[in-house]
Each structure stands twice: as C-alpha cells, then as structure tokens.
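Our numbering applies: residue 46 is where the sequence shown begins, and numbers increase by one.
Take a look at the structure set out below.
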Amino acid sequence: MKIEVKKLKSKEIPQAWRAAWLVCWVVELDGCTVAGPFASQALAQAVADGRRPGR
C-alpha cells in the first residue's frame, strides 16, 4: 500500500469541492483519495503520517 500526499488544482479538484477550493492537498492510498481536502501540504502530511486525524 502506497500513501501519497498530492496537490490538486483546477480541473483535478472534484466538482463538489470546486466552489470552495482553487488548490488543495489530499492524502491518497494506492491512487484513491482517503483524506482531504486540506489547505496546506503540511497538514495533509501530518494526516498521512498519523500525527493528526483525517477527515
């Protein structure tokens, strides 16, 4: 299983999030989004590392 922090922008952002987010960070597990959106890479990385709870 591969955990990755990924930056999404413009058309990469899911339609439901576009009204609130121009750029966001998500945590992916084997290519599937499992946590996010987050305002910063540091926050997304903390969730990926298990230092903060996801949402």
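C-beta: ideal position from N, C-alpha, C; glycine also.
#### Entry: Three-way DSSP call (helix, strand, coil) for K52 in this model
Here residue 52 refers to the residue found at position 7 of the sequence shown. When DSSP states are grouped into helix, strand and coil, K52 belongs to the strand group.
### Query
From E73 to R96, what distance separates their C-alpha atoms?
Residue 73 sits at position 28 when you count from the first residue of the sequence shown. Residue 96 sits at position 51 when you count from the first residue of the sequence shown. Near 16 angstroms, if we compare the C-alpha coordinates of R96 and E73.
### Task
Measure the alpha-carbon distance for K51 versus R63 and round it to whole angstroms.
By one-based count along the sequence shown, residue 51 stands at place 6. By one-based count along the sequence shown, residue 63 stands at place 18. Their Cα atoms are separated by approximately 16 angstroms.
### Query
Tell me which same chain residues have a C-beta within less than 8 angstroms of the C-beta of L88, skipping the five on either side of it?
Taking the sequence shown and counting its residues from 1, one reaches residue 88 at position 43. Shown here for L88: same chain residues with a beta carbon closer than 8 angstroms to its own, the five before and five after excluded, namely W70, R97 in chain order.
### Task
Kindly indicate which three-state DSSP category L67 falls into: helix, strand or coil?
Here residue 67 is taken as the residue at index 22 of the sequence shown, counted from 1. Here L67 sits in coil by DSSP.
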